[in-house]
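Worksheet for the structure shown next.
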Amino acid sequence: MAIPILYPLTLGAFLFGVGLYGALTKTNAIRILMSVELMLNAVNINLVTFSRYITPNNYRGQILTVFVMTVAAAEAAVGLAIILVLGRNRNVVDIDKITLLKG
Amino acid sequence: MSFDYTLLLPELILTALALVVLVIDLSLAPGKKQSLTWITFAGILVAMAGIWPATQTSASQTLSGMVSSDGFSIFFKVLFLTVAALITLASGPYLQQKRLPVGEFYILLLSATLGMMFMSGSRDLITIYLGLELASITSYILAGLLREDPKSNEAAIKYFLNGAMASAVLLFGLSLVYGLTGETHLDIIGKVLNGDISHWPIVGVALVFLVAGFGFKMAAAPFHLWTPDAYEGAPTLVTAFFAVGPKAGAMAAVLRAFTIGFAASSGRWTELFAILAVVSMFFGNLTALWQTNVKRMMAYSSIAHIGYLLVGVTVATTVPGVASVMFYLLAYAVMTLGAFAVILAVDAFGPGDQVGNYAGLATRSPLLAWGLTLFFVSMIGIPPTGGFMGKFYLFSAAVQNGYVWLAVVMAINSAISVGYYYGIVKEMFVGKPLETTSVKAPAGVTAVVAITMVVTLMLGLYASPFLNWATAAAALPRFF
Amino acid sequence: MSLPLLSLFILIPLVGSLVTVFLPKNSVSTIKAWSTVITGLTLVVAVVSMFQYGGAPVDANGMKFAESYNWIPHFSVRYYLGVDGFSYPMVLLTALVTFLATLASYSAVHERHKEYYALLLLLEVGMMGVFASLDYVLFYVFWEIVLLPMYFLIAIWGGARREYASIKFFIYTLVGSVIMLVGILALYFGTGAQTFGIMEIAKLVPAAQFAPATAMLIFLALYVGFAVKVPAFPFHTWLPDAHVEAPTPISMILAGVLLKMGTYALIRISATTLPEAARAFAPWLVAIALINIVYGALAAMAQKDFKKMVAYSSINHMGYFLLGLAAGTPEALNGALFVMISHGLISALFFFAVGMTYERTHTRDMAKLGGLFLTVPVIATFTAFTAFANLGLPGLSGFIGEFFVLLGSFPAFRWLILIATVGLVITAAFHLIMMRKVLQGEAMTEWKGLKDITGREVLILAPLVVLIVALGVYPGPLFAVFNPAVQSLSKLITLAGGM
Amino acid sequence: MIQFTWLVAVLPIISYLLIVALERRLGDKTAYFGIAALLAAFVLSAGIFVEVLNGATYHKEFTWVISGTRAIPLGIQLDHLSATLLAAVTLVSSMIHIYSLGYMHGDKRIPRYYAVLSLFTAGMLGLVIADNYFILLVSWEIMGLCSYLLIGHWYEQKGPQEASMKAFLTTRVGDVALMVGIWLFFAYTGSLKFGEIGEMIKAGHVPATAALVGSLLIFGGAVGKSAQFPLHVWLPDAMAGPTPASALIHAATMVAAGVYLVARSFPIFSAAPPQALLVVAIIGGFTSIFAASIATVMTDIKKVLAYSTVSQLGYMVLALGAGSVVAGTFHLTTHAFFKALLFLVSGSVIHAVHSQEMHEMGGLRKKMPITFWAWTIGTLALAGVPPFAGFFSKDEVLLAAANLPARLTEQGLGHLAWIGNLVFFFGLATAFLTAYYMTRATILTFFGQPRDHHKYDHAHESPGVMAWPLIVLSVPAALVGFAGTTWFGEHGNWWASFIGEQALEWGAAEPHHIGWVMPLAIASALLGILVGYLLYGVAGVKTRQNAITALRPLYTLLKNKYYVDELYMGTVVAATLAFSRVVGWVDQNVVDRIVNWVGAAGEWFADVAGATDRYVVDGAVNGTAAAAMSAGKGLRRLQTGYVQSYMLTMAAMVVVGIILFQVIGG
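Chains as they are written, first to last, in this note's numbering: chain A, 25 to 127; chain B, 21 to 500; chain C, 5 to 503; chain D, 161 to 826.
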């Protein structure tokens, strides 16, 4: 237990913040997708940290991490596909140009 | 722990069905896929029959206690399967008309339903998350199923990006809960939290993250902003599904998670849901008044209905609270599907999806017009319909628990909602149609309208069995 | 086991309505005949029930013809029907007016017959249910059932501004009724009742010992719902619009029966269940009643539209009911109930008379009408008769109600009722002005050659005229029906610190 | 026969129904139903009267309604007073029915006329036999309705339209007062019966003030119906109706109903504080001189009679106010005959010359001898020349008035005795004026040279159907007065003994004989005739015009009827109409708008919400973002991203939620 629990948790929070920032500021859909993945990874860090520090004999947190990674991959696949179709149809990847639907 | 497959029979059947459809789809030539509709429909009925064994045993759990089969989950499974069945029933000619990929549609629909069914049965954060994501990811694809339609693309990307972030937010909340309690199983979380720990500020933070995440999935204001765009852009049939399925799934997860996992902190989240309820009702109803696109209007209407449901969630610490939400979900599902069946008919086989397109529908197609009127009446909450019974139940649950003000807000909102439903009713009955040919809805759609009409009335006039069912199912079992 | 009479009142039109839906759209005469038979059958049952009413046994709540079955045990809601002196005359009135309105529809409706008659029958279901049900939820269900057909009947078959009028009616009454629902639930949970029975909850209220403020809040919630229907000032503005736009038979029902739902509920629920709050509210009620009377009369006087004038006079008349209710003496309550019945007959007649004129001239502008005594003498004479009945001419039923209300109100309010008497004079004035404009004068060339009354129209008029005269001369039998219920209510009010 | 009292009132109703039912088939012939019914009623009444003379009385009641624990009975009764009036009314009415056959000949609405006339009579008869205020009120209003219909008989014309409305509304004001009075007494006594209420007042069940106010309210009804000041305005206008109807309504019956009401209610008046009757006397006295003074300048023959009626009714009211039921009812009876006669005569004249203006008549005496003589008898009776009917009754009235000061002193109102004297003076002056204007009318109509030769040439004696009723009515007009002489009966005179017994029970006063009253009355009547003769029989037009010029202000005032109509039009009527317009406007533009404002507010809120969704939420999001990203470079780009706005909202809401939680109570 050389590293205090606060360190990895701070890292997780920081990563979540960076991901959020990216998701909110980037206009390129792919970058936003990547930022969201960053947020998920922040959660993963949290989960693993908690698992290791709080319940060392219980792997539920790590199990969840595995699932999150899997789901994130699926999500990314679907997301990229959607962005691809969009790009093919309208030749844009900037989401601030996608405003047909509003009001 | 053994794996009791009888408890997961419907899920297993549904999974198998999805695979069967996938295979058959591959073997059928394009344009000749009508048989898929009936295979799916029959399969769903079989899945529904598969629930039977579970009803014969007392509430029990499987998969190491991660999933349970109890009255609550059975209720929701029946609900989800019914929704899927009705959607399938209405789908055939629509898919053909819009040139949607038939096989994919059914597979996605079945997968989403599967995800929702898991959500309702989950007793563990892990399975809740998995079920949620299964439902969500398939939904993103469904929203963008009209690949050539830029609006559909847009709906998909908006839904996806928002949904992905919401998942992250939810997960962050889940990770905090796990960190606090060291557990992912709801019953144990509930036990651990039932101490001093429940007063820690960090619990509040975790709750906020969870409420935001679930709030997004059920489209409660102020997490609703994606909803209208996704509803408008998505194919109408998919919108119909969105309006019912994912919401009900999220609601099921919320009910179980919060009443079992966070029962001890109920003092904190009830107020949160009350705020969400009020904001949703007002936002949904007031904004709906300004819509000219019926699908978009229905999106706002659905936001308002989530507000009504959240009134019940606010008092979900009591059995009537949970039961009222469940009953209202039932009524809501039936009347919303009915309404969307009409909207679908008018959109795909009639003039379109703008309010003005409904002019003179009463003479062009009396059944559709009267049906839609009945569903709207039910949505407003006027007897003798299921919507009234449901609202009445929510109302009385709120008043009984001292939330008279919430009931009053609900009453006011019911009245406001007349404003936009009226616009369409007026068009249908008083408006002058551009053309007077009758609107011919396909048999499947007509059947859905007829079935939902009957059930809507039944829920209003002969509600006892359903009320008893909901109440019996609302008593969530605790295993630890 | 005798016939479930009250269920018949609800079932016959319900079945009739459902069957109408399946009749072929184009066989108009079949549809007309069928609806007439159905409403006629209801009326026959009503008449038959009159012979049994006197000797019928009463149940624990003093109700006759009672039927009680569990409906939604989950909410302890029952299908509980029963009538007493308050409701039984209203049931009869409903049967009569609906039948006559069906006859009147022949010439008033020219399109979409099937939908029209189906809705008309559904409307009767709702009205009958409201008056017969003794369970709050059942009552509420019927209350709302009335709303929908009414909305469509005005919105589809109404006049030029029908959309506005119908939605105004709808929103007003809906807002009122949802507030009322909150009040009902507050009563249910406040008393801890195990039932939604109207009479049962009333019996539990004293034991519940509501704080006066709470009781008043509940009372007000209920009051708003009922007052909109009555309509009591200031919730009355939907009425003139609705009446002007509604087709003649619907106006007949609207004024003849629908408004009485509000007054009936006030007396059956508000006054009976919360007598203390009713007492505390009485000063306000008096003020509202007097405003209704004077203001309604003055507003009627200012109208140029014939139908609108009649509509405002309804507001004026409902003021007498409110006054009688506020007074709470046996005479005043009997009078108030009598006002309900008599106004039901007279206003139905009046709107029909206006309708007869309108169907011939296609105008309701009193300035454009004139000399009808000479062009259509019989119609004009009936119109004059109605006007006199409406202005409270002694010897006709309108007078009895007003006379007894004020007779009974005097001990309670003393000189305040002088304000009401101002209304009496103004009421007379605007009726006379109307007659002068519309009936008297030289025959106008554009109305020459109009067809005078038809046999069917006489058939509609005759029962109303006969009843108006008969009740005006000998109101005894009707009082005998009212009186037992009135006595117990009056006792309640007296216990609540009444006069 | 007395047990068939109800039939007297029902007979005309039957004829009414028959006429209405058979109007289409029989047309004008339906008139005979009315005549037959009235003649039958007269015969029946006469029979009943004879039985009553022999001491029979009749009272029958039934339970009408039961309200609460209280049964309210209604009934009919027959005593001396009602039996007399029954006979008088049926006689006059049947004569008028017959007369109308001639007068209305050729009218296009004869069935309607006869139907209403019958119903009207039924109303009066019902009123007379009522034993309670309810039946009285019903009958009272039936008469009101019928008078409305009769005055408006020629409803094509503006005059009758307005007059009928005015009559109904003005009397309605009085009716309402009467009703309030009834309610008031019912509140204290729980009874609607005349006698019972009086007894209970006497027994002290009603506070003095309430009794006073209540009796004055009841008097208010009489003021309206009997056209007393200040509600007299409708009666002269009511002359727009057919003349025989005027004879019935405005002479013999309806206007008499008010007086009859006061007489019937006398137990109440006498039990109430004395001020009540004093007010009655003042109103009566004032009305009599007030109306008589107007009658002196009227040129329309019917208007003269109309104001004369108002004045004479004032007399009756004065007598009742002075406490003498005997005098009041006596004058009521005699007046019924001679005023009906006078009206019918005027009808006969109008029928002949087709004009009501006396200035277009003159010299008709020769052309219409029967008419003339009937008129003369009527005039002498009205003017109070002995031994015609009016003389005796007027004498009684003046005697009662002369007794008033003493009576007031007796009742402890000595300080108001001067009012008694004043009222007596009014009465005396009225006697003079009455004689004067009747002389004037007689001379203008029947004497002198014809002023309109065209009309004169066409004039002729009326047919028999009109003449015979005149003759029949002349008999009582001339002779009925003898009932008030000392030659019959014990109590000073027959009438006094016939009615007085009951009147004493009611608390009426028995006037003391005062020797100088009768000579004074005769003198003033003769003086009036003399002045009239001098002015119209002797002096020329020039003299009269000089007199008018000299008295210009007074003349104008009288000619305009003291501007009472104008006053009402300018105040009450105008105010009501204006107010109603205000209310109508307010209702449409304010009360209704309030609701629409609420609706508009709702829309506004919706707008706000919609805008909030579009701009504020997004905008705030943008704003929040701006604050959060002020250090960053991606600021501008963020503001355009809609999807990201949604996402940002979610994030912002989470932050807000957390802050809320920590602040409010984590």
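For every residue, glycine included, the Cβ atom is placed at its ideal position computed from N, Cα and C.
C-alpha of residue 105 of chain C to C-alpha of residue 448 of chain B: approximately 26 Å in a straight line. When 9 Å is used as the limit between beta carbons, residue 107 of chain B is near no residue of chain A, the shortest such separation being about 21 Å. Per DSSP, the beta-bridge partners of residue 74 of chain C are C/82.
Listed along the chain, the chain D residues whose CB falls inside 8 Å of the CB of residue 429 of chain C are 329, 332, 333 and 336. Within a 10 Å sphere around the beta-carbon of residue 229 of chain D sit fewer than 16 other beta-carbons, which makes this residue exposed.
Interface annotation for the segment 174-186 of chain B against chain D: 177, 178, 181, 182, 185 and 186, criterion Cβ-Cβ distance under 8 Å. When the beta-carbon positions are compared, residue 461 of chain D and residue 605 of chain D come within less than 8 Å of each other. Within 9 Å of the CB of residue 822 of chain D, the CB atoms of chain B belong to 221, 224 and 225, in sequence order along the chain. In this structure residue 219 of chain D touches residue 235 of chain D by the C-beta definition: roughly 6 Å separates them, less than 8 Å. Contact with chain B is found for residue 78 of chain C, since one of that chain's Cβ atoms lies less than 8 Å from the residue's Cβ. With 16 or more other Cβ atoms inside 10 Å of its own Cβ, residue 821 of chain D counts as buried. Within chain D, 740 have C-beta atoms less than 7 Å from the C-beta of residue 305 of chain C, given in sequence order. Between the C-alpha atoms of residue 132 of chain C and residue 100 of chain C there is a straight-line separation of about 11 Å. Annotated three-state conformation of residue 276 of chain D is helix, per DSSP. Boundaries cannot be given for residue 722 of chain D, as no beta strand (DSSP E) includes it and DSSP labels it neither H nor E. Residues of the same chain with a CB within less than 6 Å of the CB of residue 310 of chain C, apart from the 5 flanking positions on each side, are 358, 368 and 370 in chain order.
Considering only B/201, B/455, B/133 and B/325, the residue with the shortest C-alpha distance to residue 298 of chain B is B/325.
Each residue's CA atom was taken as its position, placing residue 384 of chain C and residue 661 of chain D some 50 Å apart. The residues 298 and 301, in chain order, have a CB closer than 7 Å to that of residue 429 of chain B in the same chain once the five nearest residues on each side in sequence are set aside. With at least 16 other beta carbons inside 10 angstroms of its own, residue 344 of chain C counts as buried.
When the Cα atoms are used, residue 422 of chain C and residue 428 of chain C turn out to be separated by approximately 10 Å. When DSSP states are grouped into helix, strand and coil, residue 379 of chain B belongs to the coil group. The shortest C-alpha to C-alpha distance from residue 556 of chain D to any of D/608, D/735 and D/653 is the one to D/653. For residue 218 of chain D, the enclosing beta strand (DSSP E) covers residues 218-227. Check the Cα spacing between residue 126 of chain C and each of C/169, C/60 and C/42: the tightest is with C/42.
In the three-state reduction of the DSSP assignment, residue 28 of chain A falls in the coil class, being assigned neither a helical nor a strand state. Contact check for residue 394 of chain D and residue 326 of chain D: beta-carbon distance about 5 Å, within the 8 Å limit, so the pair qualifies. Neighbours of residue 91 of chain A across chain B, judged by C-beta separation under 8 Å: 146, 149 and 150.
By the neighbour-count criterion, in which 16 or more other beta carbons inside 10 Å mark a residue as buried, residue 332 of chain D falls on the buried side. If you compare the alpha carbons of D/807, D/422, D/482 and D/313 with that of residue 400 of chain D, the shortest gap goes to D/313. In the DSSP secondary-structure assignment, residue 353 of chain D is bridged to D/292.
Within chain B, the residues placing a beta-carbon under 9 Å from that of residue 60 of chain A are 181, 184, 185, 187 and 188, ordered along the chain.
Secondary structure note for residue 703 of chain D: its alpha helix (DSSP H) is the uninterrupted segment 701-710. When C/287, C/394 and C/336 are compared, the shortest CA-CA separation from residue 313 of chain C is found for C/394. When the beta-carbon positions are compared, residue 438 of chain B and residue 427 of chain B stay at least 8 Å from each other.
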